[in-house]
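Visitor: Final position of the sequence shown in this note's numbering is 185; the numbers increase by one with none missing.
Quick reminder that beta carbons are idealized off the backbone N, C-alpha and C, glycines included.
Below is the structure I would like to discuss, written out as structure tokens.
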Amino acid sequence: MQGKSSYPSMEWTAERVSRFWDYEAQFPERYFTYAQGSAMVSRLEHYFQGSRKILDYACGPGHLSARLIDRGYSVGAVEFSEKALQSVRSRFENESSFLGAYRPEEARDLGTRFDTIFACEVLEHLDDATLSLAVSDLRSLVASDGRVIVTTPNAERLEESNLLCPNCEQVFHRWQHVRSW
Numbered sequence: 005m006q007g008k009s010s011y012p013s014m015e016w017t018a019e020r021v022s023r024f025w026d027y028e029a030q031f032p033e034r035y036f037t038y039a040q041g042s043a044m045v046s047r048l049e050h051y052f053q054g055s056r057k058i059l060d061y062a063c064g065p066g067h068l069s070a071r072l073i074d075r076g077y078s079v080g081a082v083e084f085s086e087k088a089l090q091s092v093r094s095r096f097e098n099e100s101s102f103l104g105a106y107r108p109e110e111a112r113d114l115g116t117r118f119d120t121i122f123a124c125e126v127l128e129h130l131d132d133a134t135l136s137l138a139v140s141d142l143r144s145l146v147a148s149d150g151r152v153i154v155t156t157p158n159a160e161r162l163e164e165s166n167l168l169c170p171n172c173e174q175v176f177h178r179w180q181h182v183r184s185w
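Put into structure tokens, the structure is as follows:
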């Protein structure tokens with residue numbers, strides 16, 4: 005890509021992030037764990053086999069949670085989007101191994117510790133303050149001998165997925181990424 009855009013970058017306020025993900029929650033097939041969840045569980049299971057409680061942090065529509073429940077794990081979920089959270093609660097309400105779905109602040113208040121926490125394709129979406137809070141959440145929610153498994157795009161060139169909103173004339177990343185790892 006040549007040159008810099010003459011358009012300003014969109015500021016991802018909490019309201020905009022919520023609106024974006026509430027919209028995306030209507031299209032669960034767009035989520036990474038829809039396409040890669042089963043393969044990821046198969047490849048990584050030796051790291052978390054024997055876990056009594058697993059947390060799917062920023063679970064989206066619950067694709068990873070479903071794969072883990074299908075494998076016999078007890079799974080809890082944390083989600084930022086209210087629409088996705090309600091969808092996950094409804095989706096798994098009759099699953100005996102589902103430990104519930106919570107907003108981040110609700111999960112903090114539970115006092116539950118998880119043997120394994122998955123944070124799949126979430127950290128690249130978080131601004132500095134939210135990232136700091138998420139890392140704090142992960143630390144407080146993982147058992148002392150537990151593990152946190154994180155996935156992100158590798159060395160993503162953010163500008164390659166930028167779009168211009170024709171209405172507000174601001175540039176934004178197609179998947180609301182704000183950082184690259």
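Please name the residue or residues paired with F176 in a DSSP beta bridge.
Guide: L167
Visitor: Quick check: C124 and V92, are their CB atoms within less than 7 Å of each other?
Guide: No, these two residues do not count as a Cβ contact at 7 Å.
Visitor: Buried or exposed for F96, going by 16 or more other Cβ atoms inside 10 Å?
Guide: Its Cβ being crowded by 16 or more others within 10 Å, F96 is buried.
Visitor: May I ask you to verify whether the region 68 to 76 touches the region 130 to 139, counting CB pairs closer than 8 Å and requiring at least 3?
Guide: no
Visitor: Using beta-carbon positions only, say whether R117 and A147 come within less than 7 Å of one another.
Guide: A contact, by the Cβ cut-off of 7 Å.
Visitor: Pick helix, strand or coil for A159, following the three-state DSSP scheme.
Guide: Coil, per DSSP.
Visitor: Can you name, in chain order, every residue of its own chain whose Cβ lies under 8 Å from the Cβ of L167, other than the five neighbours on each side?
Guide: Once the five neighbours on either side are set aside, the close Cβ partners of L167 are V175, F176, H177 and R178.
Visitor: With which residues is D60 paired in a DSSP beta bridge?
Guide: A81 and F122
Visitor: Identify whether A43 lies in helix, strand or coil by the three-state DSSP scheme.
Guide: helix
Visitor: Have a look at the DSSP bridge pairing and note the partners of A105.
Guide: A81
Visitor: Between I58 and V79, which are expected to be in contact by the criterion C-beta below 8 Å, what is the C-beta distance as a whole number of angstroms?
Guide: 5 Å
Visitor: On a Cα-Cα basis, can you pick out the residue from R183, S184, W185 and C172 that is closest to R20?
Guide: For the residues R183, S184, W185 and C172, the minimum Cα distance to R20 belongs to C172.
Visitor: Can you tell me whether DSSP reads D149 as helix, strand or coil?
Guide: strand
Visitor: Per DSSP, S22 is paired with what?
Guide: Its beta-bridge partners do not exist; DSSP assigns none.
Visitor: Report, in whole angstroms, the separation of the C-beta atoms of W16 and F84, which I expect to be a contact under 8 Å.
Guide: Wrong, their Cβ atoms sit about 12 Å apart, outside the cutoff.
Visitor: I need the straight-line Cα distance from Y106 to L89, nearest angstrom please.
Guide: 7 Å
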